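**Q**
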Amino acid sequence: MYYYCSICDFAIDLICVKKEVKKEIGDSKIHEHLLSLVPEMVSFTCHLCQVLDDRFPFVCNLCDLSFHQYCAESISEINYSCHPQHPLKRYTRVPSRTCGKCCLCGNKLHNVFYHCSVCNFSVDINCVKNPPPFSLLHPKAHEHPIILMPQRSFLCNACGMDDDPNPYVCPQCNFMIHRNCVDKPQVIKISHHDHRIYYNHYLDSDDWECGVCQKEMKWTCGAYSCLKCQDFAVHLRCATKFGIWDGIELEGISETNIELKSYEVVEEGLIKHSGHQNHVLKLKEESDGDDEGIVCEACVYPVFCGPFYSCTGCDNYILHQKCAHLPKKKIDSFYKMEITLFPCDKMETILGLCEVCQHFFQGFRYTTKDDITLDMRCGSISEPFFHESHPHHPLYIDFTGNKTFKKEIGDSKIHEHPLSLVPEMVSFTCHLCQVLDDRFPFVCNLCDLSFHQDCAESISEINYSCHPQHPLKRFTRVPNRTGENCCLCGNKLHNVFYHCSVCNFSVDINCVKNPPPFSLLQPKAHEHPIILMPQRSFVCNACGMDDDPNPYVCPQCNFMIHRNCVDKPQVIKINHHDHRIYYNHYLDSDDWECGVCQKEIKWTCGAYSCPKCQDFAVHLRCATKFGIWDGIELEGISETNIELKSYEVVEEGLIKHSSHQNHVLKLNEESDADVEGIVCEACVYPVFCGPFYSCTECDNYILHQKCAHLPKKKIDSFYKMDITLFPCDKMETILGLCEVCQHFFQGFRYITKDDITLDMRCGSISEPFFHESHPHHPLYIDFTGNKTCKACGDEATFILSCQECGYFLDIKCPFLPNKVKHKYDKNHFLFLCYGKNPSDQYLCEICEEELNSEKWFYRCDECCITFHIKCTLGDLISLKQIVDAEPIKLEVIRNIHMT
Numbered sequence: 001m002y003y004y005c006s007i008c009d010f011a012i013d014l015i016c017v018k019k020e021v022k023k024e025i026g027d028s029k030i031h032e033h034l035l036s037l038v039p040e041m042v043s044f045t046c047h048l049c050q051v052l053d054d055r056f057p058f059v060c061n062l063c064d065l066s067f068h069q070y071c072a073e074s075i076s077e078i079n080y081s082c083h084p085q086h087p088l089k090r091y092t093r094v095p096s097r098t099c100g101k102c103c104l105c106g107n108k109l110h111n112v113f114y115h116c117s118v119c120n121f122s123v124d125i126n127c128v129k130n131p132p133p134f135s136l137l138h139p140k141a142h143e144h145p146i147i148l149m150p151q152r153s154f155l156c157n158a159c160g161m162d163d164d165p166n167p168y169v170c171p172q173c174n175f176m177i178h179r180n181c182v183d184k185p186q187v188i189k190i191s192h193h194d195h196r197i198y199y200n201h202y203l204d205s206d207d208w209e210c211g212v213c214q215k216e217m218k219w220t221c222g223a224y225s226c227l228k229c230q231d232f233a234v235h236l237r238c239a240t241k242f243g244i245w246d247g248i249e250l251e252g253i254s255e256t257n258i259e260l261k262s263y264e265v266v267e268e269g270l271i272k273h274s275g276h277q278n279h280v281l282k283l284k285e286e287s288d289g290d291d292e293g294i295v296c297e298a299c300v301y302p303v304f305c306g307p308f309y310s311c312t313g314c315d316n317y318i319l320h321q322k323c324a325h326l327p328k329k330k331i332d333s334f335y336k337m338e339i340t341l342f343p344c345d346k347m348e349t350i351l352g353l354c355e356v357c358q359h360f361f362q363g364f365r366y367t368t369k370d371d372i373t374l375d376m377r378c379g380s381i382s383e384p385f386f387h388e389s390h391p392h393h394p395l396y397i398d399f400t401g402n403k404t405f406k407k408e409i410g411d412s413k414i415h416e417h418p419l420s421l422v423p424e425m426v427s428f429t430c431h432l433c434q435v436l437d438d439r440f441p442f443v444c445n446l447c448d449l450s451f452h453q454d455c456a457e458s459i460s461e462i463n464y465s466c467h468p469q470h471p472l473k474r475f476t477r478v479p480n481r482t483g484e485n486c487c488l489c490g491n492k493l494h495n496v497f498y499h500c501s502v503c504n505f506s507v508d509i510n511c512v513k514n515p516p517p518f519s520l521l522q523p524k525a526h527e528h529p530i531i532l533m534p535q536r537s538f539v540c541n542a543c544g545m546d547d548d549p550n551p552y553v554c555p556q557c558n559f560m561i562h563r564n565c566v567d568k569p570q571v572i573k574i575n576h577h578d579h580r581i582y583y584n585h586y587l588d589s590d591d592w593e594c595g596v597c598q599k600e601i602k603w604t605c606g607a608y609s610c611p612k613c614q615d616f617a618v619h620l621r622c623a624t625k626f627g628i629w630d631g632i633e634l635e636g637i638s639e640t641n642i643e644l645k646s647y648e649v650v651e652e653g654l655i656k657h658s659s660h661q662n663h664v665l666k667l668n669e670e671s672d673a674d675v676e677g678i679v680c681e682a683c684v685y686p687v688f689c690g691p692f693y694s695c696t697e698c699d700n701y702i703l704h705q706k707c708a709h710l711p712k713k714k715i716d717s718f719y720k721m722d723i724t725l726f727p728c729d730k731m732e733t734i735l736g737l738c739e740v741c742q743h744f745f746q747g748f749r750y751i752t753k754d755d756i757t758l759d760m761r762c763g764s765i766s767e768p769f770f771h772e773s774h775p776h777h778p779l780y781i782d783f784t785g786n787k788t789c790k791a792c793g794d795e796a797t798f799i800l801s802c803q804e805c806g807y808f809l810d811i812k813c814p815f816l817p818n819k820v821k822h823k824y825d826k827n828h829f830l831f832l833c834y835g836k837n838p839s840d841q842y843l844c845e846i847c848e849e850e851l852n853s854e855k856w857f858y859r860c861d862e863c864c865i866t867f868h869i870k871c872t873l874g875d876l877i878s879l880k881q882i883v884d885a886e887p888i889k890l891e892v893i894r895n896i897h898m899t
């Protein structure tokens, strides 16, 4: 609701009306002179943000400059309580790589806002002026104090990945990090680069591509980069992969290059090699084809073509060029140790066994100080390794390790006898989980039973440090509505795991045996202590939604809640249900559908439910929407039912109605079709068929059955006020104007204590509203207006809408009579049609103009003729024949055939 000036086309809402208007700004940080409010809406361009606008500007009369109020009151840089790690700078344009929304309230950023480019954190002016409290000591929604986490769905500040559901967090800094990233090394050497790389908390603002996976890097998150190569950087995860990094942290170790050449250049095309020091070797591009049987002294492979080196003083001493250029000393790629090249002229007849490929060889070899020997091929391997058989991508060494096996379980909690490992793969069915498998089982030789190792070592119930609120029970099957992955490590759940059905929390055997520590006091990756948050991407425990970026959290309970959900009401009444509904922290484990939006409800999250209707529940967000809930919290208020009947039953088929108390009304199932012109005293619509009530003593006092059953008192669906039914025999000749549909009427009406009048049709509307023109979904009152009615094509203020389909009806159309008569077709009834195929063409029988077949119209099925609704009914369908509107008395001349 709002106030509106029709002369000036000026609107102001109820909140802004109450605000005090500032008329001067004397202490602006952006301008040296006094700024004064212009008390009218004018077109101006703000001098600070350069936005053209139509508002109430503040102007400097000396300089002839105009400003928005929030621009005039802004400062260039602030320290902000919800983002203490960096100051925020004032911006007037949304920078690239920014979502364009305030990181706290989620509203779109407008002309002036504040932003941290390092953290990509933005807040609008309103959140700067009114920052949310960092903690709430006594929240209504939770039993512990909760703290604000101004963070979107969790993204590790160290590696930039969002795949691990369980960060450690530093509340002071809004810093979140994976457990596996906490102790990552600061300085390392990887196989994909020639130099050391160093860890940085964030990169320069630029476009970066990972040197390992070639994918884009988030510059705002941590990564490794090379000090010597300004354009080289690597994801933390990629750099520390097994096989990429040798596992050695180099922080504090001086960098030396031990790689030495095995030759020296005498002149172009001539070298002296350490493997043949007495003579000079000459480079040749082609081999003499007649010299068969000549082999390279280094690799012992035949030399069929160049380039190669041959000795100028000896016959048949030849080295391939690439073999001659092997380094004298280097770090090998397998053992990560220093190796030295020994040529064959010092150990010519010795047969070697390569420790890597396990082949015997002769020729050059690399040897460590510990006498580990590699042939020159394995010793020369460096990463990345390129081969013409796979030209598109480099190759890398892949290590496989050996695992030690437990041979006996003597203290199993599931079986009383010792269990022994069967040292071969056999087909067996585990006695605990009943899974048929091909593995190495543990068996009881006394009972002839087989078990998986994980099953044999499990117990039925545990108390777990990372989920203290409930015990975890052993499961051997993944229950419905449960993810198939461990909530801590993210690995897939196998035969045996532990699960809390209340919180939908699952952990695998490995995480049960090795729980992560709850806190780290001195983490290498951050300057403050950090705490574990065992939570997936943030879903509010109160409403089940994940759209708000800023939860309050209770670390003890892994409880996370939106700021807007903290003080949601406990007991309310909504227009989509007849009874009060109550907030529950979680529902029973079942399939639930929201009674408002008809979408699934996460039973593990909070929702409203009805204690009287066991199958009715509503999302918290849906229940508290504007137009669904009246804004009144009913906790502590006794429930009374004000809805009263307007009649009492005398006996079956006989009633006494409050509108006609002296006589009894009798129920009739069929009307006398010959008696035309008889109308219902309540709705003033003709009575063509039953069921209806007629007075046993008076002629022509008739009520449709549904009109007779209207309640005497109820809560109306528009103003949410008590309304009382007044029948026509008390105000028979008074012409009424309905406040909802804005139509004049006679007959029954509902009236509030403040004399707001509704005709009986608008007053009888309750939600959900069902209409046969749209049978698949219910309709609800829509207060937004400016929607086009599907029936008549008009726009209206009050609309009945389907939230699923975008189907709209204005308030008057659902109550059009389904069956009427007209003088143009005296012998037949006309029936209401809810639109036909738009390709069909129809003409109105009365006005002879084209009829829009997509809109509603009347049709005679016998004669196949059609009529506009307005042509059929006219404008006075809700009026009786006599209208006494003092000082004028009117008579409505109606055709006995409806118009």
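Residue numbers for the sequence shown follow full-length UniProt numbering, so the first one is 1 and each next one is one higher. Glycine residues also receive a C-beta, built at the ideal position from the N, C-alpha and C atoms. Keep in mind the model is a prediction, meaning the values are calculated, not measured.
The ligand MG and residue 809: does the residue's C-beta get closer than 7 angstroms to at least one heavy atom of that ligand?
**A** Judged by which ligands are present, the structure shown has none, so any question about the ligand MG falls away.
**Q** Taking 8 angstroms as the cut-off, decide whether the C-beta atoms of residue 43 and residue 61 are in contact.
**A** The sequence position of residue 43 within the sequence shown is 43, counting from 1. The sequence position of residue 61 within the sequence shown is 61, counting from 1. Between residue 43 and residue 61, the C-beta spacing is not below 8 angstroms.
**Q** Looking at the unbroken beta strand (DSSP E) that takes in residue 721, where does it start and where does it end?
**A** Numbered from its first residue, the sequence shown carries residue 721 at position 721. Careful: residue 721 lies outside any beta strand (DSSP E) and carries neither H nor E.
**Q** Using three-state DSSP, classify residue 233 as helix, strand or coil.
**A** Looking up residue 233 in the sequence shown gives position 233. In the structure shown, residue 233 sits in a strand (DSSP, three-state: E or B).
**Q** Residue 616 and residue 577 look like a contact to me (Cβ under 8 angstroms); what is the Cβ gap, rounded to whole Å?
**A** Start at 1 with the first residue of the sequence shown, and residue 616 comes out as number 616. Start at 1 with the first residue of the sequence shown, and residue 577 comes out as number 577. So it is a contact: roughly 6 angstroms between Cβ atoms.
**Q** Quick one: Cα of residue 444 to Cα of residue 479, how far?
**A** Residue numbering aside, residue 444 sits at position 444 when the sequence shown is read from its first letter. Residue numbering aside, residue 479 sits at position 479 when the sequence shown is read from its first letter. Counting only the Cα atoms, residue 479 lies some 29 angstroms from residue 444.
**Q** Buried or exposed: which applies to residue 819, given that a residue is buried once 16 or more other Cβ atoms fall within 10 Å of its Cβ?
**A** Within the sequence shown, numbered from 1, the residue matching residue 819 stands at position 819. It counts as exposed.
**Q** Quick one: what does DSSP say residue 770 is sitting in, helix, strand or coil?
**A** Start at 1 with the first residue of the sequence shown, and residue 770 comes out as number 770. Three-state result, residue 770: coil.
**Q** Just how far apart, CA to CA, sit residue 317 and residue 342?
**A** Counting from 1 along the sequence shown, the entry for residue 317 is found at position 317. Counting from 1 along the sequence shown, the entry for residue 342 is found at position 342. Separation of residue 317 and residue 342 (C-alpha to C-alpha, rounded to the nearest whole angstrom) is 16 angstroms.
**Q** By DSSP, does residue 45 sit in helix, in strand, or in coil?
**A** Here residue 45 refers to the residue found at position 45 of the sequence shown. Strand.
**Q** Please state whether the Cβ-Cβ distance between residue 422 and residue 458 is less than 8 angstroms.
**A** Position 422 of the sequence shown, counted from the first residue, corresponds to residue 422. Position 458 of the sequence shown, counted from the first residue, corresponds to residue 458. Their beta carbons are not under 8 angstroms apart, which means residue 422 does not touch residue 458 by this criterion.
**Q** Just verifying my parser: in three-state terms, what is the DSSP assignment at residue 312?
**A** The residue you call residue 312 lines up with position 312 of the sequence shown. Here residue 312 sits in coil by DSSP.
**Q** Which one of 308, 419, 507, 829 has the shortest CA to CA distance from residue 407?
**A** As a working note, residue 407 is residue 407 in the sequence shown. It is 419.
**Q** Give the DSSP-derived three-state secondary structure of residue 37 in the structure shown.
**A** Counting from 1 along the sequence shown, the entry for residue 37 is found at position 37. In the structure shown, residue 37 adopts extended strand secondary structure according to DSSP, grouped into three states.
**Q** Buried or exposed: where does residue 40 fall if 16 or more other Cβ atoms within 10 Å of its Cβ makes it buried?
**A** Stepping through the sequence shown from its first residue, residue 40 is reached at position 40. Its Cβ having fewer than 16 others within 10 Å, residue 40 is exposed.
**Q** With respect to the alpha helix (DSSP H) encompassing residue 649, which residues constitute its N-terminal and C-terminal limits?
**A** Locating residue 649 in the sequence shown gives position 649, where the first residue counts as 1. Premise fails: residue 649 lies in the beta strand (DSSP E), 647-651, not in any alpha helix (DSSP H).
**Q** For the beta strand (DSSP E) holding residue 284, just list the boundary residues, first then last.
**A** On the sequence shown, residue 284 is found 284 positions in, with the first residue counted as 1. 276-284 is the extent of the beta strand (DSSP E) around residue 284.
**Q** Quick check on the DSSP output: the beta strand (DSSP E) that includes residue 427 runs from which residue to which?
**A** Translated into the one-based positions of the sequence shown, residue 427 becomes position 427. Run containing residue 427: 426-429, per the beta strand (DSSP E) assignment.
**Q** Could you please give the first and the last residue of the uninterrupted alpha helix (DSSP H) stretch that includes residue 511?
**A** To locate residue 511, count along the sequence shown from 1; it is residue 511. Counting along the chain, the alpha helix (DSSP H) containing residue 511 begins and ends at 509-513.
**Q** Give me whichever residues DSSP pairs with residue 293 in a beta bridge.
**A** In the sequence shown, counting from the first residue as 1, residue 293 sits at position 293. Answer is none; residue 293 lacks a bridge partner.
**Q** Can you give the Cα-Cα distance for residue 679 and residue 846, rounded to whole angstroms?
**A** Here the question's residue 679 lines up with position 679 in the sequence shown. Here the question's residue 846 lines up with position 846 in the sequence shown. Approximately 24 angstroms, taken between the alpha carbons.
**Q** Expressed to the nearest angstrom, what Euclidean distance is found between the alpha-carbon atoms of residue 372 and residue 440?
**A** As a working mapping, residue 372 is identified with position 372 in the sequence shown. As a working mapping, residue 440 is identified with position 440 in the sequence shown. Between residue 372 and residue 440, the C-alpha separation is close to 35 angstroms.
**Q** Among 448, 38, 869, which has the Cα closest to the Cα of residue 794?
**A** The residue given as residue 794 occupies position 794 in the sequence shown. Nearest option by C-alpha distance: 869.
**Q** Pop quiz: residue 313 and residue 285 are said to be a contact at Cβ under 8 angstroms. What is the actual Cβ separation, rounded to whole angstroms?
**A** For the purposes of this step, residue 313 is taken as residue 313 along the sequence shown, with counting starting at 1. For the purposes of this step, residue 285 is taken as residue 285 along the sequence shown, with counting starting at 1. With a Cβ gap of about 21 angstroms, residue 313 and residue 285 do not count as contacting.
**Q** From this set, 632, 648, 579, which residue's C-alpha is nearest residue 618's C-alpha?
**A** Looking up residue 618 in the sequence shown gives position 618. Measuring C-alpha to C-alpha distances from residue 618 to each of 632, 648, 579 identifies 579 as the nearest.
**Q** Counting only runs of 4+ residues fully inside the UniProt domain "Phorbol-ester/DAG-type" (415-466), write out the alpha helix (DSSP H) ranges in chain order.
**A** 453-456
**Q** Using a Cβ-Cβ cut-off of 6 angstroms (strictly less than) and excluding sequence neighbours within five positions of residue 505, which residues of its own chain qualify?
**A** Working through the sequence shown from its first residue, we reach residue 505 at position 505. Here the set comprises 467, 487.
**Q** Quick one: what's residue 518 bridged to in DSSP?
**A** Residue numbering aside, residue 518 sits at position 518 when the sequence shown is read from its first letter. Answer by DSSP bridge pairing: none, since residue 518 is not bridged.
**Q** Compare the C-alpha of residue 398 against each of 410, 381, 409, 389 and name the closest.
**A** In the sequence shown, counting from the first residue as 1, residue 398 sits at position 398. The residue with the shortest Cα to Cα distance from residue 398 is 381.
**Q** Classify residue 377 as helix, strand or coil using the three-state DSSP reduction.
**A** As a position in the sequence shown, residue 377 is number 377, starting the count at 1. DSSP places residue 377 in helix when its eight states are reduced to three.
**Q** Look at the alpha carbon of residue 719 and the alpha carbon of residue 780, and state the distance between them as a whole number of angstroms.
**A** By one-based count along the sequence shown, residue 719 stands at place 719. By one-based count along the sequence shown, residue 780 stands at place 780. Here the alpha carbons of residue 780 and residue 719 stand approximately 14 angstroms from one another.
**Q** Helix, strand or coil for residue 161, going by three-state DSSP, please let me know.
**A** Taking the first residue of the sequence shown as 1, we reach residue 161 at position 161. Residue state, collapsed to three classes: coil.
**Q** Would you mind giving the Cβ-Cβ distance between residue 796 and residue 856, rounded to the nearest angstrom? I have them listed as a contact below 8 angstroms.
**A** Sequence index remark: in the sequence shown, residue 796 carries index 796 (1-based). Sequence index remark: in the sequence shown, residue 856 carries index 856 (1-based). That pair is no contact at about 15 angstroms.
**Q** Less than 8 angstroms separating the beta-carbons of residue 696 and residue 649?
**A** Locating residue 696 in the sequence shown gives position 696, counting from the first residue. Locating residue 649 in the sequence shown gives position 649, counting from the first residue. No; because the gap between Cβ atoms is not below 8 angstroms, this pair is not in contact.
**Q** When we look at the beta-carbon of residue 21 and count the other beta-carbons within 10 Å, is it buried (16 or more) or exposed?
**A** For the purposes of this step, residue 21 is taken as the residue at position 21 of the sequence shown. With fewer than 16 Cβ atoms within 10 Å of its Cβ, residue 21 is classed as exposed.
**Q** Note down the Cα distance separating residue 427 from residue 454, rounded to an integer number of angstroms.
**A** As a working note, residue 427 is residue 427 in the sequence shown. As a working note, residue 454 is residue 454 in the sequence shown. Straight-line Cα distance between these residues: approximately 17 angstroms.
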